[in-house]
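Heads up, the sequence shown is in the working numbering, so the first residue is 58 and it goes up one at a time. All C-beta atoms, glycine included, are put in the ideal place defined by N, C-alpha and C. The structure presented is a predicted model; accordingly, all values stated were derived computationally and were not measured. Contents: one structure, followed by commentary.
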Amino acid sequence: MSALFPALADGTSGDVRHRPALRFGDRELTYGALASAAGATAERIAGAGRVAVWATPTLETAVGVVAALLAGVPAVPLNPRTGERELAHIAGDSAPRLVLAGADDELPPALAGLERIDVRVAGAGDAPVGGGGLPAEPGPEAPALIVYTSGTTGPPKGAVLPRRAITATLDALADAWAWTGDDVLVQALPLFHVHGLILGVLGPLRRGGSVRHLGRFSAEGVGRELGTGGTMLFGVPTMYHRLAEAVGGDPELARSLSGARLLVSGSAALPVHDHERLFAATGRRVVERYGMTETLMNTSVRVDGEPRPGSVGLPLPGVELRLVEEDGTEITDLDGETVGEIQVRGPNLFTGYLNRPDATAAAFDGDWFRTGDMAVRAPDGQVRIVGRKATDLIKSGGYKIGAGEIENALLEHPQVREAAVTGEPDDDLGERVVAWVVPADPAGPPSGDELADHVAARLAPHKRPRTVRFLDALPRNDMGKIMKRALHG
Ligand code: MCA
Ligand code: AMP
58 MSALFPALAD
68 GTSGDVRHRP
78 ALRFGDRELT
88 YGALASAAGA
98 TAERIAGAGR
108 VAVWATPTLE
118 TAVGVVAALL
128 AGVPAVPLNP
138 RTGERELAHI
148 AGDSAPRLVL
158 AGADDELPPA
168 LAGLERIDVR
178 VAGAGDAPVG
188 GGGLPAEPGP
198 EAPALIVYTS
208 GTTGPPKGAV
218 LPRRAITATL
228 DALADAWAWT
238 GDDVLVQALP
248 LFHVHGLILG
258 VLGPLRRGGS
268 VRHLGRFSAE
278 GVGRELGTGG
288 TMLFGVPTMY
298 HRLAEAVGGD
308 PELARSLSGA
318 RLLVSGSAAL
328 PVHDHERLFA
338 ATGRRVVERY
348 GMTETLMNTS
358 VRVDGEPRPG
368 SVGLPLPGVE
378 LRLVEEDGTE
388 ITDLDGETVG
398 EIQVRGPNLF
408 TGYLNRPDAT
418 AAAFDGDWFR
428 TGDMAVRAPD
438 GQVRIVGRKA
448 TDLIKSGGYK
458 IGAGEIENAL
468 LEHPQVREAA
478 VTGEPDDDLG
488 ERVVAWVVPA
498 DPAGPPSGDE
508 LADHVAARLA
518 PHKRPRTVRF
528 LDALPRNDMG
538 KIMKRALHG
């Protein structure tokens, strides 16, 4: 009955029904129980315009999102750590009718006006999904998820992801990775972004396999789950860096990683040093894939391909990719040297930013989406990302963070006169957020911790500056524009 999740329909009968679908910590749902729990919630929300999902790393979030997809209701996953200002923006912009949450979750005032539906999974039987009470599933162009993502300036924008983008990307990855219902995915990613939610939860469910979510990342948890039946691991480079740090002194972890069928990294570049340390300790190569919230997955190293550290592989089936010069001409020479911006088109793309036709138009060159990522292509077509067009976008721990939104938050602090935000290389996070601040009173600047708390409370903890540097004045050019390149430690 579900074009997105064939196994859920099969879950109402036969063997599939008793197969594990989701496991978070020690709580598990079989396909039968998932069909029943998600079907019950789907019936309650069918017809609602749009629903927010309080996206804690729990069974309830996974069930809530599956329910919304079964009901044909677009879901907006919310980071439960989002600060008041950003949450008010997202709630106002996406205007959900309802919010799905776990029964024990406490919701913040910004969501007080919404009807709340508690997602129930405990005691779910394994009755057939949606006993006739659900509307027909919407078509492939219907919006499935709205995922908020940062730009260089202003508040985050909601990327509208249609159902066909989700099925296209998951099926292309299945082809590249020989991903089947026999796979048991291990992950510890947040469930309010594409990586953890679409690849990491909807992916296994579309294949009829299972996911084990750790709740929070730890090398020990990864070792335990891969050592007891997990076949695949998805993570951001920070997680692989932490595994590389731990694996040298932990033969058990090395054994677990060696035994996995596939280790996949994405959301940011995995440094070659970490690739090599993991290879030396486990004999396994981490496979990189490259995507974006707006495009879902564009390229990947294939499981049957030749692994090449530093490369994000080949365009996935159905994805067209080109490199374009500054003046818009396409680079046709695959020489491994000429750098151009990656542009993509295909069924994996979003339909646009919610309420932002201006930003949507600016993101496209005809029907090609401008990624802002700079890359070279080898003669065999392999893509190597070398940087980003915008220096005002920071990738920290795999999270995309716009410098502008942090600068605006800092400027709201009474003791801040001027502020500029940059990213600096960080072994663990890839990049770390650095704030350059001119205090209102040079004799009594605020503390770095106070400014970090200020940003964390308004935006989100992962956007807080990890380093704060005080200056008498920011370097500016003749036009008065801040010269960020002149700022460095
Ligand atoms: C610290 N904390 C604070 C403050 N300082 N809370 C409030 N105020 C403060 N001043 C809290 C945090 O909330 C958290 O709580 C704890 O301290 C540690 O936070 P943090 O330092 O941020 O964690 P970390 O150790 O740096 O986290 C590393 C991480 C994380 C686990 C790798 O960065 C992560 O989960 N990254 C995944 C990002 C991701 O999924 N990106 C995909 C985007 P507590 O300890 O209680 O937790 S999608 C995408 O990019 C595309 C599509 C793609 O290609 O995938
Ligand atoms: P987001 O906006 O959070 O979806 O992040 C998308 C961005 O993450 C892309 O535009 C890239 O800059 C970056 N990214 C994702 N995967 C990779 C990868 N494997 N290597 C390098 N950068 C990546």
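By the C-beta density criterion, residue 214 is buried, having at least 16 other C-beta atoms within 10 angstroms.
By the CB criterion at 7 Å, residue 129 and residue 194 fall inside the cutoff. Residue pairing by DSSP places residue 536 opposite no residue, since no beta bridge is assigned to it. Around the CB of residue 443, fewer than 16 other CB atoms lie within 10 Å, so the residue is classed as exposed.
Here residue 391 has 434, 436 as same chain residues with Cβ atoms under 6 Å from its own Cβ, once five neighbours each way along the sequence are excluded. Each of 65, 121, 342, 82 was checked against the Cα of residue 74, and the nearest Cα belongs to 65. The beta carbon of residue 517 sits closer than 8 Å to those of 136, 138, 139, 140, 143, all from its chain and outside the five residues before and after it, given in chain order. Contact between the stretch 449-459 and the stretch 313-328 is present: three or more C-beta pairs spanning the two stretches fall below 8 Å. If you look at residue 270, you'll find it isn't in any alpha helix (DSSP H); it sits in the beta strand (DSSP E) that goes 267-270. Counting of Cβ neighbours within 10 angstroms places residue 356 among the buried residues, the total reaching 16 or more. Beta bridge pairing from DSSP links residue 132 with 108, 202. The ligand AMP has a heavy atom closer than 6 Å to the beta-carbon of residue 206.
Rounded to the nearest whole angstrom, the CA to CA distance from residue 111 to residue 256 is 19 Å. Taking all protein chains shown into account, residue 179 has fewer than 16 neighbouring C-beta atoms within 10 Å of its C-beta and is therefore exposed. Taken atom to atom, the span from the alpha-carbon of residue 92 to that of residue 244 is near 22 Å. Excluding its 5 nearest sequence neighbours in each direction, residue 374 has C-beta neighbours in its own chain below 6 Å: 229, 232, listed in chain order. With contacts defined as CB atoms closer than 7 Å, residue 541 and residue 458 fail to qualify as a contacting pair. Beta-bridge analysis with DSSP links residue 456 to 453.
If you draw a straight line from the Cα of residue 313 to the Cα of residue 207, it is about 36 Å long. Per DSSP, reduced to three states, the secondary structure at residue 480 is strand. Nearest neighbour of residue 102 by Cα position, chosen from 470, 248, 86, 158, turns out to be 158.
Within a 10 Å sphere around the beta-carbon of residue 536 sit fewer than 16 other beta-carbons, which makes this residue exposed.
When beta bridges are read from the DSSP output, residue 424 appears opposite no residue.
Secondary structure at residue 59: coil, using DSSP grouped into helix, strand and coil. Judged by the Cβ position, residue 483 fails to qualify as a neighbour of the ligand AMP at the 6 Å threshold, every heavy atom of the ligand being at least this far. About 11 Å separates the beta carbon of residue 176 from that of residue 108, a gap too long to meet the 8 Å contact definition.
Excluding residues up to 5 positions away in sequence, 236, 237, 238, 239, 240, 241, 242 lie with their Cβ nearer than 8 Å to the Cβ of residue 266 in the same chain. Out of 381, 409, 297, 463, the CA that lies nearest to the CA of residue 397 is found in 381. Counting other Cβ atoms within 10 Å of its Cβ, residue 151 reaches 16 or more and is therefore classed as buried. For residue 378, no alpha helix (DSSP H) segment is defined; the enclosing uninterrupted segment is the beta strand (DSSP E) at 377-381.
Exclusion of the five residues before and after residue 468 leaves 476 as the residues of its chain whose Cβ lies within less than 6 Å of its Cβ. Where residue 304 is concerned, the enclosing alpha helix (DSSP H) starts and stops at 294-304. Closest in C-alpha terms to residue 379, from the list 162, 481, 430, comes 430. Only residues of its own chain outside the window of five on either side were considered, and among them 205 have a CB closer than 6 Å to the CB of residue 147, listed in chain order. DSSP places residue 282 in the uninterrupted alpha helix (DSSP H) bounded by 276-284.
Under DSSP, residue 488 takes part in a beta bridge, and its partners are 482.
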